[in-house]
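Written below as structure tokens is the structure these notes are about.
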Amino acid sequence: MTLTHSGRIPVLKKKDFESDQEVRWCPGCGDYAILAAFLKTLPTLGIPRENHAIISGIGCAARFPYYVNTYGFHTIHGRAPTIASGLKSANPDLTVWIITGDGDALSIGGNHLLHCLRRNMNVNILLFNNRIYGLTKGQYSPTSEKGKVTKSTPLGSIESPVNPLRFAMASEATFVARTMDSDLRHMSDTIRRAQRHKGVSFVEIMQNCIIFNNGTWKPVSEKKTRAETTVTLEQNKPLIFGQKLDKGLRLKGLGAEVVEFDPETPPSDLLVHDVASPSSLHAYMLTEFDYPEMPIPIGVFRQVERPTYEDSLHEQNRIAIENKGKGDLKSLLHGTNTWEVNADGEEIRNDAVDV
Amino acid sequence: MTLTHSGRIPVLKKKDFESDQEVRWCPGCGDYAILAAFLKTLPTLGIPRENHAIISGIGCAARFPYYVNTYGFHTIHGRAPTIASGLKSANPDLTVWIITGDGDALSIGGNHLLHCLRRNMNVNILLFNNRIYGLTKGQYSPTSEKGKVTKSTPLGSIESPVNPLRFAMASEATFVARTMDSDLRHMSDTIRRAQRHKGVSFVEIMQNCIIFNNGTWKPVSEKKTRAETTVTLEQNKPLIFGQKLDKGLRLKGLGAEVVEFDPETPPSDLLVHDVASPSSLHAYMLTEFDYPEMPIPIGVFRQVERPTYEDSLHEQNRIAIENKGKGDLKSLLHGTNTWEVNADGEEIRNDAVDV
Amino acid sequence: MVKTVESRQSIVIRFAGDSGDGMQLTGNRFTDASALFGNDVSTFPDYPAEIRAPAGTLPGVSGFQVNFSSLDIRTPGDAPDVLVAMNPAALKVNIKDLKRGGIVIVNKDTFTGPNLKKAGYDGNPLDDASLDNYQLHSIPITTLNSNAVRDIPDLNRAFINRSCNLFALGVTFWLFDRPIDSTVKWIEQKFKKFPAVVAQNLKALKTGFYYAETAEMFPSQYVVEPAKIQPGTYREITGNEATAIGLVAASLLADTQLFYGSYPITPASDVLHHLSKYKNYNVMTFQAEDEIAAVGVTIGAAYGGLIAATGTSGPGLALKGEALGLAVMTELPMVVVNVQRGGPSTGLPTKTEQSDLLQAFFGRNGECPMVIIAPKSPIDCFHAAIDAVRIAVKYMVPVLYLSDGYLANGMEPWCLPEIEDLPKIPVTHRTDPNEYFPYIRDTETLARPWAIPGTPGLEHRIGGLEKAEITGNVSYDPDNHQKMCLIRQEKIDRVANDIEDLEIRGAEEGDVLLLTWGGTYGACLSACLQLHEEGHSVGHAHLRWLNPFPKNLEAVLRKFKTVIVPELNLGQLNMLIRARFLIDTVPFNKVKGKPFMIAEVKEKVLEVLGGGK
Amino acid sequence: MVKTVESRQSIVIRFAGDSGDGMQLTGNRFTDASALFGNDVSTFPDYPAEIRAPAGTLPGVSGFQVNFSSLDIRTPGDAPDVLVAMNPAALKVNIKDLKRGGIVIVNKDTFTGPNLKKAGYDGNPLDDASLDNYQLHSIPITTLNSNAVRDIPDLNRAFINRSCNLFALGVTFWLFDRPIDSTVKWIEQKFKKFPAVVAQNLKALKTGFYYAETAEMFPSQYVVEPAKIQPGTYREITGNEATAIGLVAASLLADTQLFYGSYPITPASDVLHHLSKYKNYNVMTFQAEDEIAAVGVTIGAAYGGLIAATGTSGPGLALKGEALGLAVMTELPMVVVNVQRGGPSTGLPTKTEQSDLLQAFFGRNGECPMVIIAPKSPIDCFHAAIDAVRIAVKYMVPVLYLSDGYLANGMEPWCLPEIEDLPKIPVTHRTDPNEYFPYIRDTETLARPWAIPGTPGLEHRIGGLEKAEITGNVSYDPDNHQKMCLIRQEKIDRVANDIEDLEIRGAEEGDVLLLTWGGTYGACLSACLQLHEEGHSVGHAHLRWLNPFPKNLEAVLRKFKTVIVPELNLGQLNMLIRARFLIDTVPFNKVKGKPFMIAEVKEKVLEVLGGGK
Ligand SMILES: Cc1ncc(C[n+]2csc(CCOP(=O)(O)OP(=O)(O)O)c2C)c(N)n1
Ligand SMILES: Cc1ncc(C[n+]2csc(CCOP(=O)(O)OP(=O)(O)O)c2C)c(N)n1
Ligand code: SF4
Ligand code: SF4
Ligand SMILES: [Mg+2]
Ligand SMILES: [Mg+2]
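Residue numbers (my numbering), protein chains in the order written: chain A, 130 to 484; chain B, 130 to 484; chain C, 108 to 720; chain D, 108 to 720.
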């Protein structure tokens, strides 16, 4: 089904996307910055307001749809990808956003995330990763560090965390990126690129929960250290970082190492970023980088094209209709094997023998 | 809780592990071979019969526990990892096997699999991958190829499959291997190594469903082509394959290529297999190999050590008891803040002021 | 020998053998011949457990039952008059069901040591007195068949015994005086690429037929005259197929695309399989990763404005409970098909039961009422599916559709309805932004507007938290919560304005009323009518809608001294009726994975009439 | 002014303000002072929605209620006599609950334009007639507090208003003649590292106290005498903590390790938090990836021989339905804690409700009965948890334990039981291989043997498919299935041999019986006793066990002309009672996320007694 909207797209402003609901996060929560980046980005996409649909699960993050003046559905815990998939299948013209938290997406919702990604539904998934369950007041999540002391782990968590990007890569995602709540411009840019990608887009947003996990992203979120702790991924550019742009990454066997150099004369064998590298190993390798051994990569890790689920779904119907003709009630009821009973009670086969 | 069994372990035979239940798979099903390999391997492990517990979900594969004379639990669809995790936590001395199918493990059960792997429960997961739903009579599964025509996809599946090993790698599994129903010796060997691994072991078994997906593994399952279509992974050995052992794998950037050579003089720069390679990229790269571009790797992809979940769980209790003393009913009821009411109705605080 | 011919109104024959013996095929051929002969026909397969069992064992037995009649048949599942048992296990499993004095035809050759042992027989039942109550015909089918076909040129000798079933079919064709030509034609077509197979099968069929004619083993032939069948166009249909077609028809009548989200599960999978073939009807099917996802995508599609449905069986319905709460809270229209099977847990997955009624009512957290409809016959699956969609979109509610394994696999000839008799289903997606509020309601139905994403000016937010009455904003207001709980209940109650009154068959009032729901309709109606004809004051009323109940239910119940509630569970509707009307109803329960037999229902009624135990 | 002192039996005071106003702390201090003074005390916090709301808005209001008395208190949740409202939103949300003529103390300074608007007031309620029915005391707390503390050295001026709550506490301390010394000590300890904070808080507290004494605004002080409290050792306890401690106690009494598998969810999470602190009691907690996994690991631990429990709230229970079927089929002992909250769907997650009773009964596929127990008070959570474990291991069944948000967060002083009074819980893991069969049964309880993996000679297989009667092998036999369904039901029924008879309080027989279950116990018992004392023929009986019912339930019901069933749902127990006993009970329902008030129960009873509407 395709919906039409008035032909001309009105020029929209940030405030056109602000809803009348009061925002209910704790003062200082990173979610505010994400909302701001989102509201700032939406008008730049050239999409009418009514064609956005924001689907969320449950959690602090999942309150997001209430604050955006588009279609919004605050569903149940972990299931946003399923509802979004149904909606997107029903109407591929919509721009569908999935807003989720680390618990929502990777704890209860891990399976739906996997399948949404591998199906390549053309939806945009923004995972607010604060490495904690915020809404339920502070238990460890699947992204919490081992040893994390929380309400439910007074002696520290004993589980190894899952890396959301690595999970997305293994789930055959076609767009995988990372950004952070403390960098408005980068967030906005990443959100825009995610939306532009035709296919599923998976974005991890490093988010601070000031109440239950304050400072969890400290090395990267603090402006003054960020240049040393992160490396920004840019297409076809060598991987260079550092306050003075004096460090870079170089392949070493099946892996990479940091090299330092004079910024004037960067070495020629630095690793060059390619989101569409023929092998997914490049991106997968980047997901393994963690501070302090390596800088944490920020940006788009991978972006490749594959037919989307909803396109293929509609395409099969189109082909079936083309081949068999559009079905109607009569053909539906009759099927392929009927017989007539005439007034005398005699029976006559109508069709080919049923084999 | 630790269970004791009679000190000496009796010498067990294959038939000690055969149950009295008649095996109910279709004649010719690959599951028979897996059962045979399993029954053959069990007596070699030196584990008393009563210390094995086989937990399965639902599916043809999941019938497995009935046929082995140990403890067995045929649970519900997709949830075997959870029940196995509870059991293993309750009694770490047990050897716990999870028997599952591609639908059971990766469709409905994908989330539990992820978490069981990253927790590093010391259980052995055998995934019978026939790339189809056998028990429900032939729908495509999450490992079915795109385009697969099945009962529910008359025009072909439109989903990209998930690679079980890649999924296991991203889920931080500590032991990842692949074997096939048509190679009894290799299966038996892999099962034994999986059991010996301390930590979670994930084994994909390429299995033929003769009724609904016959020949799905044809290139590797046929003895005569196998040498050309597969490469067997052996620790610290170069990756060499081919009927005449005249082909090998060599690194090329972030990836590998096939080289041909004279078997007498293999090149020195062939990729050498290391299950414990410092970077998981080596194993991850191997999971990407697929026939016909590359040989399909068979064997143990990765094996590293990490504390198991159940050990850490019990260890925390041990430490808590050591530090605080073993709790009893009196200390439990009293907690830290009580007061007395005496016969005159006067109240006296017993403990420190509650702050 | 003079050939006697006895005339019968209706016969039930059951073919039983090993899974590999081709019993489904045999049954289908017999059905086809009978339908073409002009009988009313109704069939019911009885599959073994979900997975193949070893040949010759009890769990490996597969059955197919055909009820053919000169009258209107209401149930395929009644006690058989004739049992064809291809091996000892088939005899063992099925003999208990046979009517006393019924005909047993066995393949004598299979009654040997190992087979008897596998079936759990100590001795040979053909030799002892255990079958004395039946008319036993013991035929060495394997030998006869092999003798007949072994000289066929190019015959694959490994498959020589594969035509035993056609030999048996030939025997029954003679016994019931069915013409064999339609089957001959079918064989010729089906195997046309394999002339040896055609020859083998034809030879077996005919040899069986002539053997029965000449062997003088049957004292008489039985003739079931053609039924007075209403003129029209017919097809055969199972319940699952009818459910699928009903949903597609509803989508055409609503002029809105159909979306079906499902995860395979016995016995519901066939609905998915059928629907996936209707792509040229623009039907979208979505095989989800599990049942939770299946209902999730369905909610999404409903939110997107489609006719949305999801389907499963008991364990899957349990998994969907939480998400169905969301559907109730957000008041989105959809149909939730549940094809009941034996429970609890994995239970008896291939067998029928009616034990999910209370789960359908109450299997969700909070006060979470849903409309519930249950089809009463394979054909009614078609109409009930349309009714379910009609109510869902009119009232903006999810509707639970309770089929069962018996209906799902049962097959009937279906006299196709006239297209014009199928009323359109009006669907309105709101577009007018004036005075739009997400939870403003239609005064008659209390339906909220269906405003779908993509519609300019109607942007709004919904979700699972309690909603403020009209605006739909999140509300923690205590009074609002109570009000909304009552409104959600009231919506369901008002559906009673839109459903048919309960009809009484048999006695209009009097001693006993049989109150039924779901797939037990046919057997119980037949029992009622037979008793009524025999002079008893017995009526029958059938609930197609379980929630809400029809408005005249209480009045109907009060017309009878005693109300019996037969159910394939431990008394679920019975409990609801007692609670609602404080009537001391009599439960009649069976939880054996099998449908009611007419005779057992009659017996129960007579017991109650006699004031017995 | 002469200081008048009025004496009262019991007072309910509610502190309400913004989430940031420190109301929980204020309430806790008041409670502590009252308990030490010798009153019986019972408290109930009323949290805002799960997520922080903007300051000053209605959803941001947080409350804490204290009931203190010279008598035995049964409910903390009754209508308040006194409301302390720190801002307009707090007034708006809470004023409806206040008793007519009650005292309202407000912080006048906050009743300004923007705050009034955020609370949805058009005018200023302090100025119009809207509070005429109450004794309004309007105090400029912000100003007074600020004046009092502003000169404290080293004071952080940004936090100057943070002590307004202690000012208000001081006022109430004077009003109810509480000594302030325990609070002074508490402040000194708590903030000992921050002398300026100590000074500020003490100053605010005392200024409030003296202000009330000197400002002549209250016509009198109220004194609630110390209660006649039974001698013993006391602690304060919430329902969730009592549930946790009860489970640990059961494990100690059973001499078997406790395993608790859970996924966090309001209002059940605290049970997990508490239990995770008991590692030196060898308690294992497992935070699972979702509710299905939580019940899965619990089944696994039960299979492994531990005292196993899982905990959740309504939506989580819905998710567990399928797996609970497996627990029922495999007859493994475990406790399933469900702390009910407002539904359907996400509903009102922080509010209380009793709407999961029917889900507890029927939220699973097939005939799948479970034992159900519901604690009646925060303290009873302890005993009910022990009882649940005792029945689970004795009968080898999963037991559903239905708490609710009101019990979970309500707090009472608990007179600790004598350890010797807690009976041991016998646990036997079978080890004898002689005549062992997985489904052989104890003749009294019908329990099957608990044979755990690791035990030599008892190797066996279980699962979700129907089991053969004794061997436990998979069985598709129709008669066996019916038999097993009946046995599973019979096991539950036999638990009735093991539970206490129903007691009647108030009138032993007569006009009206209040039949309750769960957390409504206190309010309804109080209502009954008050009415009885006032001369009405009213009795009260309380069901701790919902499935099975106590054996004497019917006899009790039949002693009264009318049975009223008060519930915080739309009539769930009521339906079960009607169906079982065919008694025309009168439902009394409230679905507002709040407990019953004694007065509303009394009113309902009087209405019924008067034959009213
Ligand atoms: C079925 C179900 N189980 C549990 C919950 C309770 N719950 C709500 S949100 C949440 C986790 C939130 O964590 P996350 O997704 O990381 O979001 P955040 O609050 O941190 O943004 C949980 C456990 C629920 N609402 N529903
Ligand atoms: C909750 C639930 N949903 C669906 C089913 C039906 N079902 C049983 S097995 C199965 C899939 C089996 O596929 P796989 O795991 O690959 O096992 P195989 O039969 O191929 O060995 C399904 C969908 C079920 N038993 N329970
Ligand atoms: S709890 Fe944490 S994540 Fe949630 S709103 Fe507060 S700061 Fe944000
Ligand atoms: S259906 Fe396939 S997987 Fe299942 S038993 Fe038969 S051959 Fe094996
Ligand atoms: Mg989080
Ligand atoms: Mg499979």
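C-beta: ideal position from N, C-alpha, C; glycine also.
### Query
Hey, would you say Ser484 of chain D sits closer than 8 Å to Glu519 of chain D, going by beta carbons?
yes
Using the beta-carbon count (16 or more within 10 Å), is Phe301 of chain D buried or exposed?
exposed
* Shorter than 8 Å from the beta carbon of Asn201 of chain C to some beta carbon of chain G? -> Going by chain labels, chain G is absent from the structure shown, which instead holds the protein chains A, B, C and D.
C-alpha distance - Asp128 of chain D paired with Val404 of chain A, whole-angstrom precision: 50 Å
- Message: Let me make sure I understand the geometry here. Which of B:Tyr196, B:Thr467, B:Ile227, B:Gly186 has the alpha-carbon closest to that of Phe146 of chain B?
- Response: B:Tyr196
Notebook entry, point to check: Residues in the region 368-389 of chain C with C-beta within 8 Å of chain A's C-beta atoms, listed in sequence order?
Noted result: Gly368, Tyr385, Lys386, Asn387, Tyr388, Asn389
Q) Cβ of Leu264 of chain A versus every heavy atom of ligand 3: is any distance shorter than 7 Å? A) yes
Work out the CA separation of Trp226 of chain A and Ala481 of chain A for me, nearest whole Å.
-> Because the pLDDT of Ala481 of chain A is 49, which lies under 50, any placement of that residue in the model is unreliable, and the question is left without a value.
**Report entry** Contacting positions in the region 436-458 of chain A - beta carbon closer than 8 Å to chain B
**Finding:** Pro436, Tyr438, Ser441, Leu442, Gln445, Ile448, Ala449
Notebook entry, point to check: In chain A, which residues lie less than 8 Å from Ser300 of chain B when you measure between Cβ atoms?
Noted result: Val291, Phe296, Ala299
Per-residue burial, Ala401 of chain C [other beta carbons within 10 Å of its own, 16 or more giving buried]
buried
**Request:** Could you tell me which chain D residues have their CB closer than 7 Å to the CB of Asn180 of chain B, listed as they occur along the chain?
**Result:** Gly561
Item to check | DSSP bridge partner residues for Gly134 of chain D (one or two, in chain order) | outcome: Looking at the DSSP assignment, Gly134 of chain D forms no beta bridge with any residue, so it has no partner.
Listing by chain order, which chain B residues have their CB less than 9 Å from the CB of Glu288 of chain A? His244, Arg247, Arg248, Asn249, Tyr438, Ser441
Problem set entry | Simplified DSSP assignment, three categories, for Met294 of chain C | A small fix is needed here, since residue 294 of chain C is Ile in this sequence, not Met. Correct three-state label for Ile294 of chain C: helix.
Any non-hydrogen atom of ligand 6 closer than 7 Å to Ile479 of chain C Cβ:
no
**Item:** Close Cβ partners of Thr358 of chain A (< 7 Å) along its chain, the five nearest in sequence each way excluded
**Value:** Pro348, Val349, Tyr420, Pro424, Ile425
His181 of chain A, DSSP secondary structure in three states: strand
Would you say the region 331-345 of chain C touches the region 109-124 of chain C, given that touching needs at least three Cβ pairs under 8 Å?
yes
**Study point:** chain B contact residues for Lys335 of chain D, given Cβ-Cβ distances below 7 Å
**Key:** Gly474
Quiz item: Straight-line CA distance for Arg601 of chain C to Thr552 of chain C?
Solution: 7 Å
query = Buried or exposed: which applies to Ile287 of chain A, given that a residue is buried once 16 or more other Cβ atoms fall within 10 Å of its Cβ?
reply = buried
_As a quick exercise: from D:Ile532, D:Ala558, D:Asp528, pick the residue whose alpha carbon is nearest that of Glu723 of chain D._
What is shown of chain D runs 108 to 720, which leaves residue 723 of chain D out entirely.
By the three-class DSSP mapping on this structure, what secondary structure does Pro396 of chain B have? coil
Next item on the list: Quick one: list the residues of chain C neighbouring Lys280 of chain B, beta-carbon separation under 7 Å, in chain order.
Entry: His380
(request) Give a yes or no on contact between the region 403-422 of chain D and the region 187-196 of chain B, applying the rule of three or more CB pairs nearer than 8 Å. (result) no
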